[in-house]
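Visitor: The listed protein sequences derive, respectively, from chains X and B. With the numbering used here, the residue at position 150 of the first sequence is 286, and numbering never jumps. With the numbering used here, the residue at position 103 of the second sequence is 239, and numbering never jumps.
2 protein chains.
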Amino acid sequence: MDENLKTKTKILDAAQSLMLRQGFGTTSIEDICIAAGITKGGFFHYFKNKEDLGKAVTRHYWRNMQTVWDDAPFRKHADPLARVLKFIDYSVSASKGPGLEQRCLLGNFAQELSDTHPGIRSENSACFAEWSEYLKMDLDAAKKKYLSKKALDTKGLADYVIATMEGSLLLAKAHQDKNVYIKNLKHLTRYVESIFKKKRP
Amino acid sequence: MDENLKTKTKILDAAQSLMLRQGFGTTSIEDICIAAGITKGGFFHYFKNKEDLGKAVTRHYWRNMQTVWDDAPFRKHADPLARVLKFIDYSVSASKGPGLEQRCLLGNFAQELSDTHPGIRSENSACFAEWSEYLKMDLDAAKKKYLSKKALDTKGLADYVIATMEGSLLLAKAHQDKNVYIKNLKHLTRYVESIFKKKRP
DNA sequence: GCATACATACCGACCGGTATGTATAATTGA
DNA sequence: TCAATTATACATACCGGTCGGTATGTATGC
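1. In whole angstroms, what is the alpha-carbon distance linking residue 285 of chain B and residue 279 of chain B?
2. So, for residue 213 of chain X: in the same chain, excluding its five sequence neighbours on each side, which residues have a beta-carbon less than 7 Å away from its beta-carbon?
3. In chain X, what lies closer than 8 Å to residue 301 of chain B by C-beta?
4. Nearest-angstrom Cα distance between residue 185 of chain B and residue 156 of chain B?
5. Taking the C-alpha atoms as reference points, what is the distance between residue 225 of chain X and residue 321 of chain X?
6. Can you tell me whether residue 141 of chain X is helix, strand or coil according to DSSP?
7. Which runs of the alpha helix (DSSP H), 4 residues or longer, sit entirely within the stretch 291-331 of chain B?
8. Is it buried or exposed, residue 257 of chain X, if we count other Cβ atoms within 10 angstroms and call 16 or more buried?
9. Out of curiosity, what's the CA-to-CA distance linking residue 316 of chain B and residue 263 of chain B?
10. Nearest-angstrom Cα distance between residue 310 of chain B and residue 248 of chain X?
11. Give me the chain X residues within the contact set of residue 306 of chain B, using Cβ-Cβ distance strictly less than 8 Å, ordered along the chain.
12. Rounded to whole angstroms, what is the Cα-Cα separation between residue 238 of chain B and residue 151 of chain B?
13. Where does residue 254 of chain B fall in DSSP's three states?
14. Work out the CA separation of residue 304 of chain B and residue 188 of chain X for me, nearest whole Å.
15. Excluding the 5 residues flanking residue 102 of chain X on each side, which residues of the same chain have their C-beta closer than 6 Å to its C-beta?
16. Counting only Cβ pairs nearer than 8 Å, list the residues of chain X close to residue 250 of chain B.
17. Under the rule that 16 or more other beta-carbon atoms within 10 Å means buried, what is residue 196 of chain X, buried or exposed?
18. I'd like to know if the stretch 228-236 of chain B and the stretch 165-180 of chain B are in contact, where contact means that at least 3 CB-CB pairs between them fall below 8 Å.
19. Should residue 190 of chain B go down as buried or exposed, given a rule of 16 or more other Cβ atoms within 10 Å for buried?
20. Check for me: the alpha helix (DSSP H) holding residue 190 of chain X runs from which residue to which?
21. Can you list, in chain order, the residues of its chain whose CB lies under 7 Å from that of residue 211 of chain X, leaving out five sequence neighbours each side?
22. Just the C-alpha distance for residue 291 of chain B and residue 255 of chain B, rounded to the nearest angstrom, thanks.
23. Tell me which residue opens and which closes the alpha helix (DSSP H) that residue 216 of chain B is part of.
24. How long is the line joining the alpha carbons of residue 327 of chain X and residue 282 of chain X, rounded to whole angstroms?
25. Select from the stretch 269-296 of chain X all residues with a C-beta closer than 8 Å to any C-beta belonging to chain B, and list them in chain order.
26. Residues of chain X with CB under 9 Å from residue 158 of chain B, in chain order?
27. Suppose you measure from the CA of residue 242 of chain X to the CA of residue 178 of chain X; what does that come to, to the nearest Å?
28. Give me the chain X residues within the contact set of residue 257 of chain B, using Cβ-Cβ distance strictly less than 7 Å, ordered along the chain.
29. Starting from residue 213 of chain X, trace the alpha helix (DSSP H) both ways and give me its first and last residue.
30. When the Cα of residue 245 of chain B is compared with those of X/159, X/333, X/216, which residue comes out closest?
31. With a CB to CB cut of under 6 Å and the five nearest residues on each side skipped, what residues in its chain are close to residue 163 of chain X?
32. Is the shortest distance between the beta-carbon of residue 330 of chain X and the beta-carbons of chain B less than 8 Å?
33. Consult DSSP for residue 152 of chain X and reduce its assignment to one of helix, strand or coil.
34. Figure out for me which residue from B/181, B/272, B/265, B/240 has the closest Cα to the Cα of residue 216 of chain B.
35. Thinking C-alpha only, which one of B/232, B/295, B/288, B/276 is nearest residue 319 of chain B?
36. How far does the alpha helix (DSSP H) with residue 287 of chain B in it extend, from its first residue to its last?
As structure tokens, this is what we get:
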């Protein structure tokens, strides 16, 4: 592992990776310590308990996604609608990889922990809200450009996009079939296009 | 509790109810036994281990949903497209109740257990497939009626409906806000309508 | 000499699963 | 027909392992 990484970051990376595969409850603190190359004493130096870690991992994961997306090619499009549609395309391409790309920690945690860990849930909710806001900015610009007069609840549409992506990941996971995800996102793309009544570039 | 119920059914009902709130991992066998009014000895007489229970609860839940849906008013519509759209409406109405109606055990288990419990995952996948088939039958009829010549992957559309509903439940859970679910399903309804190019009855 | 950043050792609670006991119902056989 | 046998349907008690968390020690840098 990278020796220059701060220990706390190593813990967060290890926890994120393990929890993406196994979920929160199934991942023990000891497993995380082993993966991060430290011991329990070190762990509890940085996190006061497992829930604390859960919140931090949620935030850590979300920050990672943001930086990845900000550097991704779909961000370079001048047209705001293209940025949204290419974002969906990008998620599909990423999902074709062999790794953990067809997972989302936010979705996992939302299902597993919302009822039992209120602190993690609210952190999770905040990240989802930021994601929604992220999409809404482009949707607002697209609305201004293509639908200047018409009414459109861009926040609601952003939430719909997120929910559909999460649900498609969930169903693909249940069926162990990435194609479910890919096909569903084609439907989603078609729907967003139909709202803006514009063929894709 | 109803004394006439078979013990096995009581266990399944108790497990379903508890797991709908807390998830699979967080629900202990002892909790289930207490809720069902038996002891561990009784439990292990009917289920050989917890994974066995998980599979049975999945099937039990899905059978419940089927019978509830078969008796629901949306089934009475003669028009197949109306049956699909009213099914979505029905899910929205049901979600407005105060109980556990805005949950889906299949979705919960898919997220929590797909990676760690292959047996439960495959049972879960089978139930999702039956749900998809359930929708597909009406979509096929609607396709025949309204789109006789055009191509439409009804299985894919059925999966999309399911995924969107599950994702919307997930997001609503994260935000603790039923309106997310309601608003999302309005989008879904509009999309299905747009495919069949027909205003709702 | 004092805070920071860890390591070591251990505790107590919980939980899945087993081993075993027992009351009752079903089956069998003379 | 009815005692003898057996299978069913549970209850009781307990074990072994895991895991979150704590208490404490120690090396290093400031």
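Heads up, the beta-carbon is just placed ideally off N, CA and C, and yes, glycines get one too.
Guide: With the given structure in hand:
1. Here the question's residue 285 of chain B lines up with position 149 in the second sequence. Here the question's residue 279 of chain B lines up with position 143 in the second sequence. As the crow flies, the alpha-carbon of residue 285 of chain B is around 9 Å from that of residue 279 of chain B.
2. Start at 1 with the first residue of the first sequence, and residue 213 of chain X comes out as number 77. Only 219, 222 meet the Cβ criterion.
3. Position 165 of the second sequence, counted from the start, is the residue given in the question as residue 301 of chain B. The answer, in chain order, is 303.
4. For the purposes of this step, residue 185 of chain B is identified with residue 49 of the second sequence, where counting begins at 1. For the purposes of this step, residue 156 of chain B is identified with residue 20 of the second sequence, where counting begins at 1. So the two alpha carbons sit approximately 19 Å from each other.
5. Counting from 1 along the first sequence, the entry for residue 225 of chain X is found at position 89. Counting from 1 along the first sequence, the entry for residue 321 of chain X is found at position 185. Distance between residue 225 of chain X and residue 321 of chain X, taken at the CA atoms: about 8 Å.
6. The sequence position of residue 141 of chain X within the first sequence is 5, counting from 1. Coil, per DSSP.
7. Note on the stretch 291-331 of chain B: there is no whole alpha helix (DSSP H) run with a minimum of 4 residues.
8. As a first step, residue 257 of chain X is located in the first sequence; it is residue number 121 there, counting from the start. Buried, since its Cβ has 16 or more Cβ neighbours within 10 Å.
9. Indexing the second sequence from 1 puts residue 316 of chain B at position 180. Indexing the second sequence from 1 puts residue 263 of chain B at position 127. For residue 316 of chain B and residue 263 of chain B, the gap between their C-alpha atoms comes out near 25 Å.
10. Taking the second sequence and counting its residues from 1, one reaches residue 310 of chain B at position 174. Taking the first sequence and counting its residues from 1, one reaches residue 248 of chain X at position 112. Straight-line Cα distance between these residues: approximately 10 Å.
11. Position 170 of the second sequence holds residue 306 of chain B. Under a criterion of Cβ atoms nearer than 8 Å, the residues of chain X adjacent to residue 306 of chain B are, in order, 243, 246, 247, 299, 302, 303, 306.
12. Locating residue 238 of chain B in the second sequence gives position 102, counting from the first residue. Locating residue 151 of chain B in the second sequence gives position 15, counting from the first residue. For residue 238 of chain B and residue 151 of chain B, the distance between alpha carbons rounds to 17 Å.
13. To locate residue 254 of chain B, count along the second sequence from 1; it is residue 118. Three-state result, residue 254 of chain B: helix.
14. In the first sequence, the residue the question calls residue 188 of chain X occupies position 52. In the second sequence, the residue the question calls residue 304 of chain B occupies position 168. Whole-angstrom Cα-Cα distance: 27 Å.
15. Only positions 137 to 337 of chain X appear in the structure, and residue 102 of chain X is not among them; the question remains open.
16. For the purposes of this step, residue 250 of chain B is identified with residue 114 of the second sequence, where counting begins at 1. The answer, in chain order, is 309, 310, 312.
17. On the first sequence, residue 196 of chain X is found 60 positions in, with the first residue counted as 1. Around the CB of residue 196 of chain X, 16 or more other CB atoms lie within 10 Å, so the residue is classed as buried.
18. As far as the Cβ criterion goes, the stretch 228-236 of chain B does not touch the stretch 165-180 of chain B, which means the pair count is below three.
19. Walking along the second sequence from the start, residue 190 of chain B turns up at place 54. Looking at its Cβ environment, which holds 16 or more other Cβ atoms inside 10 Å, residue 190 of chain B is buried.
20. Along the first sequence, one-based indexing puts residue 190 of chain X at 54. Annotation: the continuous alpha helix (DSSP H) that includes residue 190 of chain X extends over 186-207.
21. Translated into positions along the first sequence, residue 211 of chain X becomes position 75. Excluding positions up to five away in sequence, the list reads 205, 219.
22. Residue mapping note: residue 291 of chain B aligns to position 155 of the second sequence, counting from 1. Residue mapping note: residue 255 of chain B aligns to position 119 of the second sequence, counting from 1. Between the alpha carbons of residue 291 of chain B and residue 255 of chain B lies a distance of about 24 Å.
23. Indexing the second sequence from 1 puts residue 216 of chain B at position 80. It spans 216-231 - the alpha helix (DSSP H) in which residue 216 of chain B sits, taken as one unbroken run.
24. Along the first sequence, read from residue 1 onward, the residue named residue 327 of chain X stands at position 191. Along the first sequence, read from residue 1 onward, the residue named residue 282 of chain X stands at position 146. C-alpha separation (whole angstroms): 15 Å.
25. Answer set for the stretch 269-296 of chain X: 289, 292, 293, 295, 296.
26. Within the second sequence, the letter at position 22 stands for residue 158 of chain B. Those are 251, 252, listed as they occur along chain X.
27. As a first step, residue 242 of chain X must be located in the first sequence, where it is residue number 106. As a first step, residue 178 of chain X must be located in the first sequence, where it is residue number 42. Computed Cα separation, rounded: 26 Å.
28. Start at 1 with the first residue of the second sequence, and residue 257 of chain B comes out as number 121. The contacting residues are 310.
29. Taking the first residue of the first sequence as position 1, residue 213 of chain X is located at position 77. It is not in any alpha helix (DSSP H) - residue 213 of chain X carries neither H nor E in the DSSP assignment.
30. The residue you call residue 245 of chain B lines up with position 109 of the second sequence. Selection X/159, X/333, X/216 evaluated against residue 245 of chain B yields X/159 as nearest (Cα-Cα).
31. Translated into positions along the first sequence, residue 163 of chain X becomes position 27. Cβ within range, chain order: 154, 155.
32. Working through the first sequence from its first residue, we reach residue 330 of chain X at position 194. True, the Cβ-Cβ gap to chain B drops below 8 Å.
33. Counted from its first residue, the first sequence places residue 152 of chain X at position 16. It is helical.
34. Looking up residue 216 of chain B in the second sequence gives position 80. Put simply, of B/181, B/272, B/265, B/240 the residue whose alpha carbon is nearest the alpha carbon of residue 216 of chain B is B/272.
35. By 1-based counting over the second sequence, the position of residue 319 of chain B is 183. Measuring from the Cα of residue 319 of chain B, the nearest candidate turns out to be B/232.
36. Here residue 287 of chain B is taken as the residue at index 151 of the second sequence, counted from 1. Counting along the chain, no alpha helix (DSSP H) covers residue 287 of chain B, and no H or E run does either.
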